[in-house]
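Participant: Residue numbers for the sequence shown follow this note's numbering, beginning at -12 and rising by one.
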Amino acid sequence: MESNLPPLGLGYIASYLRQYYGNLDINISNNLEDIIRFKPDIVGITGYTQNFEIVKKMSAHIKQELSIPIIIGGHHITAVPQNLPESCDIGVIGEGEETMHQLLIKYEKTGLSKESLYSVKGIVFKDSSLVITEKRELIEPLDRIPYPARNLFELKTQSTHIITSRGCPYRCSYCSSCIFWEKVRMFTPEYVVNEIEQLIDKYGIKNIYIYDDIFILNKERVKRISELIEQKGINSKVSFSVQARVNLISEEICQCLKKMNVTGIGFGFESGSENMLKSLKGSSVSISQTTKTIELCKKYEFSVFGPFIIGSPYETKKDIIKSIEFFKKQPIDNSDIYIATPLPGTQMWDYAIKRNLVNYEMDWSILDPYITDTDQILNRNVILSDKISKQELLELYLQFKSEILKKNKQIKSIEQKSLFNKIKALFYRG
């Protein structure tokens, strides 16, 4: 249960397990009929908050049909382990590679008996009451994990994504990434460039989106990756888009990205209001800094992407209008707009909990930052700002959306449009 991107998280787990079980038969599918027809020994499901209700229904159906162990992982169960569905036997908290390895060992020996689970770190399960085991150590170095098993999912185009690091050091109020990954860890430049070569040689990939929270965190690493890409002639075979942060962009970083053949950079712009920007992203970014960063990116002829969030705590109509005006004035090539959503584990969630706007037994489908239907916005119970009505929020949403669509229509590159549509899910993470 992931986005429209190939599920690399599952691909990493599959390749990690194949190190120990070479004949392991793995199938990745969202189709219930396919899963039941496959007749697996174990089913693993990953899910986010906004699709957790679907995950619960899917796991219940599988349990009824096959009566086999079901293991759930992902951001939601990590942030809210007490939400372990009745139909799921085990929840994996945090990254899943080594935990799944240990669970398969237990499965071989005991069939995942309750008694055996107490010694497995990083899981939640039920044994008369809810049990959360000792925290699992993070995998270090990350190069211990093989490249994701991309043969398990179909690559339908010449565009795809890779992950070169895990985690983010920043604590944006809306983002749950730091809850899941805890701290920043990076694959080595050599690992990254070898994976890129594999994508070119084996799959004919021509466009790669680097799906890190912030690719440019470590300047020396970016320099090394760009050097290797240039040395191997990769920059003549493939183009890249990356996710960055406005306070980390510099002339030197832009030069490295240009050398790599980066054509687009995504930022979490979030707001054109100084007060709201600091509320969302902290004091390390400012409107003037954002303006200078966009100007620098345009100097190097990068396409600039970036979303905005409206309806955040304490946001006023005036704040949202500032965001609209900022967007109109800036040479931003592509964007989207999201309603502020309190995902579990975030500062926004804490704010919403204190005001009884959310609870741990709610219908999780309400917390979807990607809703676009006007009726959904009007009927949505979780509006965080008490400074603006739902009707006003809807009107401003439609006004902002109209301005975005005007600018988006000016983009001539079909590949650029396609890539932006694929990476929108990352933008809300920060």
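Glycine included, every Cβ here is placed at the ideal spot set by N, Cα and C.
By how many angstroms is the C-alpha of Ile15 removed from the C-alpha of Glu(-11)?
Facilitator: Any reading at Glu(-11) must be qualified, since the residue scores a pLDDT of 42, below 50, and its modelled position is unreliable; the value itself is stated next. One C-alpha to the other measures close to 11 Å.
Participant: Mind checking which residues open and close the alpha helix (DSSP H) that includes Lys143?
Facilitator: That residue, Lys143, is in no alpha helix (DSSP H); it is neither H nor E in DSSP.
Participant: Which residues share a DSSP beta bridge with Leu117?
Facilitator: In DSSP, Leu117 forms a bridge with Lys113.
Participant: Across the segment 242 to 260 and the segment 128 to 146, are there enough close Cβ pairs to call them in contact, namely three or more that are closer than 8 Å?
Facilitator: Touching, no.
Participant: So what does DSSP say about Gln317, is it helix, strand or coil?
Facilitator: In the structure shown, Gln317 sits in coil (DSSP, three-state: anything other than H, G, I, E or B).
Participant: Counting Cβ pairs, one atom from each stretch, are 3 or more of them under 8 Å apart for the segment 25 to 37 and the segment 61 to 80?
Facilitator: A contact exists between the segment 25 to 37 and the segment 61 to 80.
Participant: Roughly how many angstroms lie between the CA atoms of Phe292 and Lys210, to the nearest whole one?
Facilitator: Distance between the alpha carbons of Phe292 and Lys210: 22 Å.
Participant: Of all the options Lys101, Ser260 and Glu85, which has the alpha carbon lying nearest to the alpha carbon of Lys122?
Facilitator: Minimum Cα distance to Lys122 is reached at Glu85.
Participant: How far does the alpha helix (DSSP H) with Asn366 in it reach, from first residue to last?
Facilitator: Where Asn366 is concerned, the enclosing alpha helix (DSSP H) stretches over Thr361 to Asn366.
Participant: Do the CB positions of Leu91 and Tyr8 come within less than 8 Å of each other?
Facilitator: Yes, these two residues count as a Cβ contact at 8 Å.
Participant: Quick check on Glu177: buried or exposed, where buried means 16 or more other Cβ atoms within 10 Å of its Cβ?
Facilitator: It counts as exposed.
Participant: Looking at C-alpha atoms only, which residue of Arg153, Pro27 and Gly255 is the closest neighbour of Glu52?
Facilitator: Measuring from the Cα of Glu52, the nearest candidate turns out to be Pro27.
Participant: Within its chain, find whatever has a CB closer than 6 Å to the CB of Ile203; leave out the 5 residues flanking it on each side and keep chain order.
Facilitator: The residues are Val209, Ala231, Leu235 and Ile240.
Participant: In angstroms, rounded to a whole number, what distance separates the CA positions of Gln363 and Ser103?
Facilitator: Roughly 45 Å separates the two Cα atoms.
Participant: Quick one: what's got a C-beta closer than 6 Å to Tyr415's C-beta in the same chain, skipping five residues either side?
Facilitator: Note that Tyr415 scores a pLDDT of 41, beneath 50, so its modelled location is shaky; the value from the coordinates is reported in the next line. So the qualifying residues of the chain are Tyr325 and Pro356.
Participant: Look up Thr147 in the DSSP assignment and give the residues it is bridged to.
Facilitator: Answer is Ile195.
Participant: Just verifying my parser: in three-state terms, what is the DSSP assignment at Arg342?
Facilitator: Reduced to three states, the DSSP call for Arg342 is coil.
Participant: Quick one, which of Ile29, Lys44, Asp114 and Val79 has its alpha-carbon nearest Gly98's?
Facilitator: Among Ile29, Lys44, Asp114 and Val79, the Cα nearest to that of Gly98 is on Ile29.
Participant: To the nearest angstrom, report how far apart Lys44 and Ile375 are at their CA atoms.
Facilitator: When rounded, the distance between both Cα atoms is 35 Å.
Participant: Nearest-angstrom Cα distance between Met173 and Glu382?
Facilitator: Straight-line Cα distance between these residues: approximately 42 Å.
Participant: Could you check what DSSP says for Thr303 in three-state terms: helix, strand or coil?
Facilitator: Coil, per DSSP.
Participant: Quick check on the burial criterion: 16 or more other C-beta atoms within 10 angstroms. Buried or exposed for Asn10?
Facilitator: By the neighbour-count rule (16 or more Cβ atoms within 10 Å), Asn10 is not buried but exposed.
Participant: Pairs of beta-carbons, one from the segment 141 to 150 and one from the segment 309 to 320, closer than 8 Å: are there three or more?
Facilitator: In short, these stretches do not touch, since the Cβ pair count stays below three.
Participant: Considering only C-alpha positions, which residue in the set Pro331, Asp360, Gln317 and Ser270 is nearest to Lys394?
Facilitator: Out of Pro331, Asp360, Gln317 and Ser270, Gln317 has the C-alpha closest to the C-alpha of Lys394.
Participant: Considering only C-alpha positions, which residue in the set Gly251, Gly81, Ser115 and Leu371 is nearest to Val225?
Facilitator: For Val225, the nearest C-alpha among the options comes from Gly251.
Participant: Have a look at Val369 and Asn222 and give me their C-alpha separation to the nearest angstrom.
Facilitator: About 45 Å.
Participant: Could you say which of Gly259, Ile201 and Ile183 lies nearest to Lys193 if we only look at CA atoms?
Facilitator: Among Gly259, Ile201 and Ile183, the Cα nearest to that of Lys193 belongs to Ile183.
Participant: Using alpha carbons as the reference points, say which of Asp200, Tyr347 and Thr359 lies closest to Gly253.
Facilitator: Ranking the options by Cα distance to Gly253, first place goes to Asp200.
Participant: Which residue or residues does DSSP assign as beta-bridge partners of Ile353?
Facilitator: According to DSSP, which records beta bridges pairwise, Ile353 is partnered with nothing at all.
Participant: Give me the residue from Glu141, Tyr157 and Val118 with the minimum Cα distance to Ser271.
Facilitator: The residue with the shortest Cα to Cα distance from Ser271 is Tyr157.
Participant: Contact check, Ile58 vs Val79 under 8 Å by CB: the rounded distance?
Facilitator: With a Cβ gap of about 6 Å, Ile58 and Val79 count as contacting.
Participant: Quick check: the Cα distance between Glu127 and Gln386, rounded to an integer number of angstroms?
Facilitator: Distance between the alpha carbons of Glu127 and Gln386: 47 Å.
Participant: Is Gln69 helix, strand or coil when you go by DSSP?
Facilitator: DSSP places Gln69 in helix when its eight states are reduced to three.
Participant: Taking just the CA atoms, how far does Arg24 sit from Arg5?
Facilitator: Roughly 22 Å between the two C-alpha positions.
Participant: Measuring only the C-alpha atoms, how far is Lys265 from Ile187?
Facilitator: So the alpha carbons of these two residues sit roughly 41 Å apart.
Participant: In this structure, what does DSSP give as the bridge partners for Thr333?
Facilitator: Answer is none; Thr333 lacks a bridge partner.
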